[in-house]
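Chains as they are written, first to last, in the numbering used here: chain P, 20 to 376; chain F, 69 to 314; chain L, 25 to 200.
Idealized CB from N, CA, C, for every residue including glycine.
Keep in mind the model is a prediction, meaning the values are calculated, not measured.
Step one of this worksheet: look at the structure below.
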Amino acid sequence: MSELTLMKGNEALAEAAIRAGCKCFFGYPITPQTEISAYLSKRMPKVGGVFLQAESEIAAINMVYGCAGSGIRCMTSSSSPGISLKTEGISYIAGADLPCVIINVQRGGPGLGGIQPSQSDYWQVTHALGHGDFHALVFAPSTVQEMADTVTKAFDLADKYRMPAVILADGLLGQMMEPVAFDEDAEIKMSDASNKPWAANGHGNRREHNIINSLYLQAAELEEKVVARFKRYEQVKASETLAESYRCEDAEIVVAAYGSVARLAKSAVELARKEGIKAGVFRPITLWPFPEKEINTACENAKKVLTVEMSMGQMVDDVRLALNCSRPVEFFGRTGGVIPGPAEILNKIKEMMGGDK
Amino acid sequence: MPEFKRPHALCDVPLHYCPGCTHGIVHRLVAEVIDEMGIEGDTIGVCPVGCSVMAYDYFNCDMLEASHGRSPAVATGIKRANPDKFVFTYQGDGDLAAIGTAETVHAATRGENITVIFINNTTYGMTGGQMAPTTLPGQVTQTTPYGRNTSVEGFPVKVCEMLSQLDGVALAERVTVIDPKTVMTAKKAIRKGFEFQKNKQGFSIIEVLSTCPTNWGKTPAQALQRIRDEMIPYYPLGVFKEGAIR
Amino acid sequence: MTNDILLAGFGGQGILFIGKMLAYLGLYEKKQVSWLPSYGPEMRGGTCNCSVCISDDPIGSPLVLEPDQLLVMNTPSFDKFIGTVKVGGKCFIDSSLVEGKSDRTDIDCYYVPATALAGENDLQGMANVILLGKMIKETGLGDEETIEKTVKKVVPPKKAHLIDANIKALKLGMAQ
């Protein structure tokens, strides 16, 4: 049976990956995601999986490329500077239509930055996760239980659409413990390539040879490949957006926030409600595709929208695009690893709603 | 007498290599070994960035195209997930010994149970003949127009010598393909690499001294002669390490 | 009911460990809980703190900036956090290690010579647990059965021989 146990977000991600049939993990140590590696190095050998510490972030993502190319569920994890190193490999993974899961437990940047929680990789993950025309699925959980649940979803959708999926967490979510439930009796079954006819895992003299590749030297051929991929992205956009609306029904001000900041925003909204301000929180769970319809519904009664992030303002661009100038969108954020407290968010809400409370 | 024909593991397509280039010979040797061992259905190849970038169209086994230098990491990912399959990489000198040095050295020292076919032709062929990590001292290339000056550009990397120092390496052998005798030796070395892999003995690398007549500015015959006269003296042929590590 | 708790001291004093005890105590009391450590270089011997939230409702911010309860085991943490305790809150201080006294009259301060008590009772290294015992008593967080279950859960298997000592330390703290 499943008993609630306290786990760090990073550990929950790792355990959930195993339960999703992730057979191989390739990673490189970096704070604040190291618990993922530490956990899997213990667990993987016991469940018939593979844990390998790579010589670099670049090697780790290319191990994922090879493993995913052979049709096996696999994962890597890192934190911001390490993800920058992986972007080359992620581009090749997208270009070769390979499914895999990549975890980014964000820390402050740019450069070496800091090791405290941050959300300053939003642009990177949603708009430029490597060179070329492509997207990755991006999930932004906000509780430890959701970290676990999202991993399964990420693997399933990555397989379904043959594209990389990213779980965008941050140091706060990775390090904090909350109750999480795993079914103790569930059988752990490592993935195989049986449902992946495209996999390069040895043709066994039963089919033509498979080629995993992203090189198309003829412009027209490459265009065709990319256009086909973008048609698939349209399907993803139409059917895979996820979001949560919290007390938005009557909200005159909606706070848009994702991940750990959405939790802080909820606390701020509770404080605002106590002061008579009708406030709500809109929380995108998928950052790509961005839940455009859902945010418009959530903001139906809102006079104003406030985006709060642990950055200088990145998701706010997508919020503005999605709302298409229908109402004013302002931004409040802290960066560098500073966590915006509920009281600070409340002050901004009051500042915005002061005139027409 | 066995009939001379195309090995099954080599696709029936025209190769794009230049006249006099020895890639074709090495491709054929790898394919012959795969045929003779009967492992085409269980083999997965990884090709590099460089002249052999499109080798995925030439080998009849399953193939992956890696990004520049990352073949040993890609091969590691395949092999760890599929330990009973045969995995080989086919890489040039820029790919293996410059941009991919870290991946090469670490796959080797882990004793990754893969076979690496390493084509050393002392130049970047595909991009038009720039200096490679293996370019010989004094050699003129597009980016060493006055000859490789070791006080400026440093010295060539002797890959087999370097890797033979690592405990994870089961086989490090340098061969060439300039006449029937060396071709036979090269084939034996490649076979040995795959046999080592079959027996799960660790990392094997077969370095093949190869020609690049186009970028060397030589005829095919002159190119073969250059291997004899200039390359073998700097990169001696032979076995640098051989033995089970497990 | 929301109980925002901040535990602070030096790395190595077991601040994170008692935070985990508290979180499990809350969990076994069927509350919503969260545990958030400070992490980074301070883990290697500098100051260390830990936010624990115990609530009837889903927890928004897991980061405790204004605690209902503060537990401190060194002077820098005492100086840094005493001013942040909510009006009507409680502060638990290891008076063996913190010399100062708070001049706040709007909170309740409990001065427990936890480190000295640990030494006198053959509970070396368990000042943290003693002080936690005091906090549990003053806040009524869990009954004896839950406390025992919690200790058995959080003491790692390799240190199972310390279960009894931990329970003893908690009880000692509760008796202060």
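Beta-carbon of residue i versus every beta-carbon of chain L: anything under 7 Å?
i, result
"Pro100 of chain P", "no"
"Leu192 of chain P", "no"
"Pro136 of chain P", "no"
"Arg251 of chain P", "no"
Quick check on DSSP: helix, strand or coil for residue i?
i, result
"Asp375 of chain P", "With a pLDDT of only 46 at Asp375 of chain P, under the threshold of 50, the placement of this residue in the model should not be trusted; the figure read from the coordinates follows. In the structure shown, Asp375 of chain P sits in coil (DSSP, three-state: anything other than H, G, I, E or B)."
"Glu123 of chain L", "coil"
"Phe308 of chain F", "strand"
"Thr326 of chain P", "strand"
"Ser213 of chain P", "coil"
"Ala77 of chain F", "coil"
"Gln237 of chain P", "coil"
"Glu108 of chain F", "helix"
"Thr162 of chain P", "coil"
"Asp161 of chain F", "helix"
"Lys114 of chain L", "strand"
"Val121 of chain F", "helix"
"Glu74 of chain P", "coil"
"Asn188 of chain F", "strand"
"Met82 of chain P", "helix"
"Tyr126 of chain F", "coil"
"Cys43 of chain P", "strand"
"Ala199 of chain L", "coil"
"Thr316 of chain P", "helix"
"Glu69 of chain P", "In the sequence as presented, Glu is not what sits at residue 69 of chain P; that position holds Val. Strand."
Under 7 Å between C-beta atoms, does residue i make it to chain P?
i, result
"Arg138 of chain F", "yes"
"Pro181 of chain L", "no"
"Ser120 of chain F", "no"
"Pro75 of chain F", "no"
"Ser85 of chain L", "yes"
"Asn190 of chain L", "no"
"Ala184 of chain L", "no"
"Cys129 of chain F", "yes"
"Leu141 of chain L", "no"
"Glu263 of chain F", "no"
"Leu51 of chain L", "yes"
"Leu89 of chain L", "yes"
"Ala123 of chain F", "no"
"Ala32 of chain L", "no"
Residue i: which of the options sits nearest, CA to CA?
i, options, result
"Ala184 of chain P", "P:Phe174, P:Thr326, P:Gln333 and P:Gly190", "P:Phe174"
"Glu241 of chain F", "F:Asp235, F:Pro301, F:Lys249 and F:Thr253", "F:Thr253"
"Met159 of chain L", "L:Ser62, L:Thr26, L:Asp118 and L:Cys72", "L:Asp118"
"Asp178 of chain P", "P:Lys215, P:Asp204, P:Cys86 and P:Lys322", "P:Lys215"
"Leu187 of chain P", "P:Ser210, P:Gly128, P:Val120 and P:Lys256", "P:Val120"
"Asn190 of chain L", "L:Thr163, L:Met45, L:Asp28 and L:Asn98", "L:Met45"
"Leu148 of chain P", "P:Leu241, P:Gly132, P:Ser99 and P:Ile134", "P:Ser99"
"Gly134 of chain P", "P:Ala113, P:Gly101 and P:Ser110", "The displayed chain sequence assigns Ile, not Gly, to residue 134 of chain P. Of P:Ala113, P:Gly101 and P:Ser110, the residue nearest in Cα terms is P:Gly101."
"Ser75 of chain L", "L:Leu165, L:Pro61 and L:Phe41", "L:Pro61"
"Asp28 of chain L", "L:Gly38, L:Cys72 and L:Val109", "L:Val109"
"Phe309 of chain P", "P:Gly223, P:Ile112 and P:Tyr252", "P:Tyr252"
Per DSSP, what are the beta-bridge partners of residue i in this structure?
i, result
"Ala184 of chain P", "P:Val120 and P:Leu156"
"Arg242 of chain F", "F:Glu275 and F:Gly306"
"Glu197 of chain P", "P:Met26"
"Trp59 of chain L", "P:Met196 and L:Val76"
"Asn27 of chain L", "L:Ile78"
"Thr169 of chain P", "Partner(s): none; Thr169 of chain P has no beta bridge."
"Trp307 of chain P", "P:Val157"
"Arg126 of chain P", "P:Pro136"
"Ser345 of chain P", "Paired residues: none, contrary to the question."
"Gln93 of chain L", "L:Ile29 and L:Lys114"
If you measure from the beta carbon of residue i to each beta carbon in chain F, is any gap under 7 Å?
i, result
"Gly127 of chain P", "no"
"Gly132 of chain P", "no"
"Asn214 of chain P", "no"
"Cys119 of chain P", "no"
"Met82 of chain P", "yes"
Please name the residues in the segment 156-190 of chain F whose beta-carbon is closer than 7 Å to at least one beta-carbon of chain P, in chain order.
Ala170, Glu171 and His174
Please name the residues in the segment 41-71 of chain P whose beta-carbon is closer than 9 Å to at least one beta-carbon of chain F, in chain order.
Lys42, Cys43, Phe45, Val69 and Leu71
For the segment 344-358 of chain P, which residues have a CB atom closer than 7 Å to at least one CB atom of chain L, in sequence order?
Answer in chain order: Ile358.
Which residues, in order along the segment 70-100 of chain F, keep a beta-carbon less than 9 Å from a beta-carbon of chain P?
Residues passing the 9 Å Cβ filter: Cys79.
Return the residues of the segment 53-64 of chain L that lie within a Cβ-Cβ distance of less than 7 Å from chain P, sorted by chain order.
Val57, Ser58, Trp59, Leu60, Pro61, Tyr63 and Gly64
Closer than 8 Å, Cβ to Cβ, to anything on chain P: give me those residues from the segment 101-117 of chain F, in chain order.
With the criterion set as a beta carbon lying under 8 Å from some beta carbon of chain P, the members of the segment 101-117 of chain F are Glu108, Gly109, Asp110, Thr111, Ile112 and Val114, in sequence order.
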